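Chemist: Numbering of the sequence shown is given in full-length UniProt numbering, commencing with residue 1 and proceeding in unit increments.
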Amino acid sequence: MQLTAQKLWTKDFLIISLVNFFLTLIFFLLMVTIGVHAVSAYGASTSEAGLVTGIFIIGTLVGRLFIGRLIDSIGRRKTLLIGLTFFTTTILLYFLDFGIGFLLFTRFVHGLGMGLSSTATGTIVAQVIPGSRKGEGIGYYSMSSTLATAIGPFVGLMMSQYTSFSVIFLTCLVIGLISLGSALFVNVPEADNPQVVRGLSLSAFVEPKALPIALIIGVAALSYSSVLSYINFYASELDLVEAASIFFLVYSIAVLISRPITGRLMDARGANIVMYPAIGLFAIGMLVLSQANNAVMLLLAGALIGLGFGNIQSGTQAIAVKAADPQRMGMATSTFFIALDAGLGFGPYFIGLLIPLTGFSTLYLLLAGLVFFTLFLYYLMNGRRERSEMKQAA
1 MQLTAQKLWT KDFLIISLVN FFLTLIFFLL MVTIGVHAVS AYGASTSEAG LVTGIFIIGT
61 LVGRLFIGRL IDSIGRRKTL LIGLTFFTTT ILLYFLDFGI GFLLFTRFVH GLGMGLSSTA
121 TGTIVAQVIP GSRKGEGIGY YSMSSTLATA IGPFVGLMMS QYTSFSVIFL TCLVIGLISL
181 GSALFVNVPE ADNPQVVRGL SLSAFVEPKA LPIALIIGVA ALSYSSVLSY INFYASELDL
241 VEAASIFFLV YSIAVLISRP ITGRLMDARG ANIVMYPAIG LFAIGMLVLS QANNAVMLLL
301 AGALIGLGFG NIQSGTQAIA VKAADPQRMG MATSTFFIAL DAGLGFGPYF IGLLIPLTGF
361 STLYLLLAGL VFFTLFLYYL MNGRRERSEM KQAA
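1. From what residue to what residue does the alpha helix (DSSP H) around M381 run?
2. Decide yes or no for the touch test of the stretch 84-98 against the stretch 171-184: beta carbon pairs closer than 8 Å, at least 3 of them.
3. What does the Cβ neighbour count give for K134, buried or exposed, with the cut at 16 atoms within 10 Å?
4. Could you check what DSSP says for V128 in three-state terms: helix, strand or coil?
5. Of all the alpha helix (DSSP H) runs that stay within the bounds of the stretch 24-58, which reach a length of 4 or more residues?
6. Would you mind sorting R269 into buried or exposed? The rule is 16 or more other CB atoms within 10 Å of its CB.
7. Considering K209, what are the terminal residues of the alpha helix (DSSP H) in which it resides?
8. Among T333, L366 and A320, which has the Cα closest to the Cα of A120?
9. Can you give me the Cβ contacts of S361 inside the same chain, cut-off strictly under 6 Å, excluding the 5 residues immediately before and after it?
10. Using three-state DSSP, classify K11 as helix, strand or coil.
11. Measuring alpha carbon to alpha carbon, tell me which residue in L18, A38, P208 and E207 is nearest F105.
12. Can you tell me where the alpha helix (DSSP H) with N272 in it begins and where it stops?
13. Near S229, which residues of its chain fall below 8 Å by C-beta distance, leaving aside the five closest residues on each side in sequence?
14. Could you please give the first and the last residue of the uninterrupted alpha helix (DSSP H) stretch that includes N293?
15. Work out the CA separation of V125 and I15 for me, nearest whole Å.
16. Which of the three DSSP states is assigned to T163 in this structure?
17. Excluding sequence positions up to five away, which residues of its chain have a Cβ less than 6 Å from the Cβ of A41?
18. What would DSSP say about L70, mapped onto helix, strand or coil?
19. Considering only residues of the same chain and omitting the five flanking positions on each side of I319, which have a CB-CB separation below 7 Å?
20. If you count every other CB in all the chains shown that lies within 10 Å of the CB of M158, and 16 or more means buried, which is it?
21. Under a Cβ-count criterion, where at least 16 other Cβ atoms within 10 Å of its own Cβ denotes burial, should I257 be classed as buried or exposed?
22. Check whether the Cβ atoms of S17 and S182 sit closer than 7 Å, and answer yes or no.
23. DSSP on A318, reduced to helix/strand/coil?
24. Just to confirm, is the Cβ distance from A378 to I216 under 7 Å?
25. If you run the structure through DSSP and keep just helix, strand and coil, what is N187?
26. DSSP state of Q313, grouped into three classes?
27. Assuming contact is defined by CB atoms lying nearer than 7 Å, are L299 and V250 in contact in what I supplied?
28. Determine the extent of the alpha helix (DSSP H) in which G263 is found, giving its start and end residues.
29. Counting only the same chain and skipping the five closest in sequence on each side, list residues whose C-beta sits under 8 Å from that of I312.
30. Under the three-state reduction of DSSP, which class applies to T341: helix, strand or coil?
31. Quick one: measure Cβ to Cβ for G345 and L30, integer angstroms, because I've assumed they're closer than 8 Å.
32. Look up L180 in the DSSP assignment and say whether it is helix, strand or coil.
33. Does the distance from the CB of L367 to the CB of S223 come in under 7 Å?
34. What residues in its chain sit with their C-beta under 7 Å from that of E48, if we drop five residues either side in the sequence?
Structure (structure tokens):
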């Protein structure tokens, strides 16, 4: 019985990871193509195209904010199926041509579906992973997102060159239907005593115990958003566009290689042994990026950022779900993703205001300093407590 209880690679774990892969694949496939579609189909300006791209994340953030308080009372499996149905059905709206305003509406409601679905998958996977293997399990689960991060943009850019946008939308619809069909076969453990969350207090929307670590991933995501949004512009300035095309492939490989190791380390020796080096590597990666003047340095920065931010992301998620009571796990997952989405969604706007003042190289140098500061922030928010708990356990 004990061996069964500790099994990680169950049918439910694999299905939820697969659903998460499909969701993230659609997200990134559209992320790199929808702006071009807005310009070519509706004559959108650059700023409007950026809004079409980014409003999806705002919709996701709103979806997470409200579903986190309801998921356990509605039911985790029901929330997943409702979210996936809404997410997939919304793809049909991309085929309708009612102008740029309707496209913005479509992107926002599609983001809502992403928020519902991905919060459900994150909550469910935290429940099906054995308690003693949380760090390892979430590390493997997060690898499904990492694979999609590499494959989605590649497929999207290839399809935009050789097919129409109708074919791109049809492809996303088929992938969405496959994810919905897959979810029908998952057995979801429900909360034993689900809390019915009422009122407008802070705890009605977020898990207070997860807020300290959510601050860490929020700051890290804001810094990483500068890479996601502006690496191509920076590479063009450096005449390194060809190297930039495989930047995220190198990033993903670094994450895929390291996460199985870091996940086991977290379970065996606590979060600090992973989080401190990961934050340090992320900062060094941003520093190398700021000084890049050739392809080797640019790709080295990609690997370091992958080892850093890639493991910060999975590490902070594991810390967030461990911090909460079992009946508040859905809220803790939602809190984590709200902070992640806020950093990734709003970061490009604020960072974009700095670029005319600093230039790209100085910008990345300043952000390297911000990430280094996050080491101290992590120590205050979680590191001291984690160290104390590990000492007591020993």
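Heads up, the beta-carbon is just placed ideally off N, CA and C, and yes, glycines get one too.
Only a predicted model underlies this, so the values are computations on that prediction, with no experimental measurement involved.
Modeler: Concretely, from the data shown:
1. Careful: M381 lies outside any alpha helix (DSSP H) and carries neither H nor E.
2. yes
3. buried
4. helix
5. 34-42
6. exposed
7. Premise fails: K209 is in no alpha helix (DSSP H) and is neither H nor E.
8. T333
9. S290
10. helix
11. A38
12. N272 to S290
13. G347, P348, I351 and G352
14. Premise fails: N293 is in no alpha helix (DSSP H) and is neither H nor E.
15. 10 Å
16. coil
17. none
18. coil
19. I213, A271 and N382
20. exposed
21. exposed
22. no
23. helix
24. For the record, residue 378 in the displayed sequence is Tyr; it is not Ala. Yes. Within cutoff.
25. coil
26. helix
27. yes
28. F247 to R269
29. I216, I217, A220, M275, A278, I279 and F282
30. Looking at the sequence provided, one finds Asp at residue 341 rather than Thr. Here D341 sits in helix by DSSP.
31. Between L30 and G345 the Cβ distance is about 15 Å, and since that is not below 8 Å, they are no contact.
32. helix
33. yes
34. A38 and I100
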